[in-house]
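K.L.:
2 protein chains.
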Amino acid sequence: MSAANLRARVRAEMTEEIKTVARRHLATDGANLSLRAVARDLGMASSAVYRYFASRDDLLTALIIDAYNEVADAADRAAAPPATPLDRWLATCHAVREWALENPHQWALIYGSPVPGYQAPQDTIGPATRVLLLLGKTLGEAYRDGLVDVREPIGASFESELAPIAESFMPDLPPRAVADTIAGFFQLCGAVSAELFGQLNKSVDEDRRGFFEYQMTGAATTAGLTA
Amino acid sequence: MSAANLRARVRAEMTEEIKTVARRHLATDGANLSLRAVARDLGMASSAVYRYFASRDDLLTALIIDAYNEVADAADRAAAPPATPLDRWLATCHAVREWALENPHQWALIYGSPVPGYQAPQDTIGPATRVLLLLGKTLGEAYRDGLVDVREPIGASFESELAPIAESFMPDLPPRAVADTIAGFFQLCGAVSAELFGQLNKSVDEDRRGFFEYQMTGAATTAGLTA
DNA sequence: GGATTGCAAGAGCACTGCTCTCGTTATGGC
DNA sequence: GCCATAACGAGAGCAGTGCTCTTGCAATCC
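Line by line, the protein sequences give chains E and R.
The first sequence begins at 0 in numbering that gives the first Met the number 0 and counts up by one.
The second sequence begins at 0 in numbering that gives the first Met the number 0 and counts up by one.
#1: For residue 214 of chain R, count neighbouring C-beta atoms within 10 Å of its own C-beta (all shown protein chains included) and say buried if the count is 16 or more, exposed if not.
#2: Of all the residues that make up the region 86-112 of chain R, which are near chain E by a beta-carbon distance shorter than 7 Å?
#3: Does the Cβ-Cβ distance between residue 211 of chain R and residue 178 of chain R come in under 7 Å?
#4: Using C-beta distances below 7 Å, list every residue in its chain close to residue 193 of chain E, excluding the 5 sequence neighbours before and after it, in chain order.
#5: So for residue 59 of chain R, helix, strand or coil by DSSP?
#6: Taking the alpha-carbon positions, what's the residue 41 of chain R to residue 122 of chain R distance?
#7: Cα separation between residue 0 of chain E and residue 9 of chain E?
#8: Return the residue from the list E/21, E/27 and E/29 that minimises the CA-CA distance to residue 35 of chain E.
#9: Measure the C-alpha to C-alpha separation of residue 226 of chain R and residue 85 of chain R and round it to an integer number of angstroms.
#10: Could you tell me which chain E residues have their CB closer than 7 Å to the CB of residue 210 of chain R, listed as they occur along the chain?
#11: Contact between the region 48-58 of chain E and the region 131-144 of chain R is defined here as three or more beta-carbon pairs at a separation below 8 Å; is this criterion met?
#12: Using 7 Å as the limit for Cβ to Cβ distance, is residue 206 of chain R near chain E?
#13: Taking only three categories from DSSP, how would you classify residue 149 of chain R?
#14: Kindly say whether residue 37 of chain E, judged by its beta-carbon, lies nearer than 7 Å to any beta-carbon of chain R.
#15: If you drop the 5 nearest sequence neighbours on each side, which residues of the same chain put their C-beta closer than 7 Å to that of residue 149 of chain E?
#16: I think residue 74 of chain R touches residue 94 of chain R, with their Cβ atoms under 8 Å apart; what is that distance to the nearest whole Å?
#17: Buried or exposed: which applies to residue 153 of chain E, given that a residue is buried once 16 or more other Cβ atoms fall within 10 Å of its Cβ?
#18: Relative to the C-alpha of residue 62 of chain R, which residue among R/88, R/102, R/80 and R/7 is closest?
#19: Helix, strand or coil for residue 195 of chain E, going by three-state DSSP, please let me know.
#20: Since I believe residue 38 of chain E is in contact with residue 44 of chain E (beta carbons under 8 Å), could you give me their beta-carbon distance rounded to a whole number of angstroms?
#21: Assuming residue 46 of chain E is part of the alpha helix (DSSP H), what are its boundary residues?
#22: Let me confirm a value: residue 136 of chain R is counted as buried when at least 16 other C-beta atoms fall within 10 Å, else exposed. Which label applies?
#23: By DSSP's criteria, residue 224 of chain R is part of a beta bridge. Which residues make up the other side?
#24: Within 7 Å of any Cβ in chain E, is that where the Cβ of residue 160 of chain R sits?
#25: Quick one: Cα of residue 107 of chain R to Cα of residue 112 of chain E, how far?
#26: Could you give the first and the last residue of the continuous alpha helix (DSSP H) run that contains residue 110 of chain R?
#27: Is there a C-beta anywhere in chain E that falls below 7 Å from the one on residue 20 of chain R?
#28: Checking contacts by CB at 7 Å: is residue 46 of chain E closer than that to chain R?
#29: Where does the unbroken alpha helix (DSSP H) through residue 160 of chain R begin, and where does it stop?
#30: Could you check what DSSP says for residue 51 of chain E in three-state terms: helix, strand or coil?
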């Protein structure tokens with residue numbers, strides 16, 4: 000290993016360490032992450048952190064990308080065949096919910112209100128769409144296998160807007176099914192956020208998982224997926 | 000008007016003025032509201048604001064309660080009869096969406112990620128449930144008028160958890176319909192948040208209203224409401 | 001061996017929420 | 001009408017923040 004490579008590796012390790020400590024702070028203090036506090040925890044001056052992240056927003060962006068990839072990884076693992084498409088759809092949703100319950104602050108970071116003044120850079124949109132594409136892939140396989148109650152186009156304007164998306168990213172799906180996928184994904188995010196942000200308090204307290212599955216089954220049904 | 004009342008009125012006006020300026024700051028700077036900046040705009044010392052709000056969180060709470068009531072008022076106006084229950088359901092959803100589009104930062108305040116360290120006091124839960132109860136009321140009227148495809152209990156555990164809620168707040172609805180109402184409300188919040196927080200960028204750009212209506216119609220259908 | 005580069009530390013700026021103290025002003029009881 | 005009381009606003013100050021700039025050190029390259 001060359002000296003340059005060693006240098007790069009040390010730098011990467013330091014970067015990772017900063018992110019780890021930042022994540023820990025995120026878990027206790029929430030989204031108003033203090034760069035100085037992170038630096039203190041690492042035993043270094045706050046200015047030193049700026050060698051690794053140009054700004055606090057840059058650090059947040061790194062955490063956001065990691066979070067997107069973490070949920071998506073969890074979803075990928077859960078959606079592995081063999082299983083019926085509906086089972087995989089539900090497994091995906093459950094995996095996302097469980098990851099969110101385990102990492103509430105990271106969930107808030109990516110699906111909560113955007114940090115004020117923070118503009119998500121291009122690097123985030125790839126990881127951000129992974130779960131959506133996974134749901135689309137599952138539905139697409141069901142379409143291919145004839146396991147879906149095929150639903151007619153409705154002729155709405157948004158349907159034609161979705162046609163290019165369908166073609167590029169979900170080639171197995173007609174535009175309306177892409178709409179259903181997006182709607183299902185939004186429903187997933189909405190259900191998880193609502194549970195996480197306390198909107199469910201004092202109504203469903205015990206069987207939250209069951210209620211969640213009920214909702215996600217509904218989303219699948221709306222998409223024509225029943226098996 | 001007695002002197003005491005005058006004093007109270009001046010105080011109420013000042014309180015309102017602070018909230019107005021704070022709302023304006025919210026619209027430009029987002030949720031990290033600066034008390035000092037608000038005070039500067041009002042031409043007074045930052046410490047003076049503390050005569051009216053014990054802390055920044057208290058000010059935020061006041062804004063949150065106002066925001067809940069504002070959406071709910073808009074929803075109430077939109078849901079006024081005469082119209083079919085489905086029309087009123089959709090009108091409620093559209094009103095909520097439109098209010099959110101006009102007041103994105105206030106929406107983020109109430110339905111985005113909770114402000115770190117901020118614990119919502121009891122005063123907020125009343126206003127917070129108004130839109131949900133309105134949806135329940137609309138569905139309940141449809142039930143009473145026999146306009147709903149009555150759906151059988153599914154015997155899930157969350158269903159019995161919802162029974163007391165049904166009895167106290169939505170007496171016209173069976174527990175499963177309460178679940179559908181809550182699910183619909185979550186779907187509403189999810190769809191609005193997703194659109195507002197930029198998850199829809201570069202997929203549906205023109206006919207967002209149409210896509211939103213498609214989703215909310217789906218939620219109504221799931222609840223058995225088709226007319 | 002000397003020049004260059006990457007790194008860390010420290011001081012400092014402008015800002016934040018919040019507290020405390022200090023005069024001022026208005027209110028309510030006598 | 002007088003006077004104690006309470007409400008109010010201003011200012012200073014504390015501890016904390018993101019971020020920048022300068023300085024010194026150490027490793028790397030030629």
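Glycine included, each C-beta is placed from N, C-alpha and C at the ideal position.
P.N.:
Let me lay it out:
#1: buried
#2: 107, 111 and 112
#3: no
#4: 199
#5: helix
#6: When rounded, the separation of the alpha-carbon atoms in residue 41 of chain R and residue 122 of chain R is 27 Å.
#7: Only weak support is given to the placement of residue 0 of chain E: the predicted model assigns it a pLDDT of 45, under 50, and the value that follows is read from those uncertain coordinates. One C-alpha to the other measures close to 12 Å.
#8: E/21
#9: One C-alpha to the other measures close to 5 Å.
#10: 157 and 178
#11: no
#12: yes
#13: coil
#14: It does not: the Cβ of residue 37 of chain E has no partner Cβ on chain R nearer than 7 Å.
#15: 223
#16: 5 Å
#17: exposed
#18: R/102
#19: helix
#20: 6 Å
#21: In the DSSP assignment, residue 46 of chain E falls within the unbroken alpha helix (DSSP H) covering 45-48.
#22: buried
#23: R/147
#24: yes
#25: Cα to Cα, residue 107 of chain R sits roughly 5 Å from residue 112 of chain E.
#26: First-last of the alpha helix (DSSP H) with residue 110 of chain R: 103-110.
#27: In terms of beta-carbon proximity, residue 20 of chain R stays away from the interface with chain E, with every pair separated by 7 Å or more.
#28: Chain R, which has no Cβ nearer than 7 Å to the Cβ of residue 46 of chain E, makes this no.
#29: Taken as a continuous stretch (DSSP letters only), the alpha helix (DSSP H) holding residue 160 of chain R covers 156-168.
#30: coil
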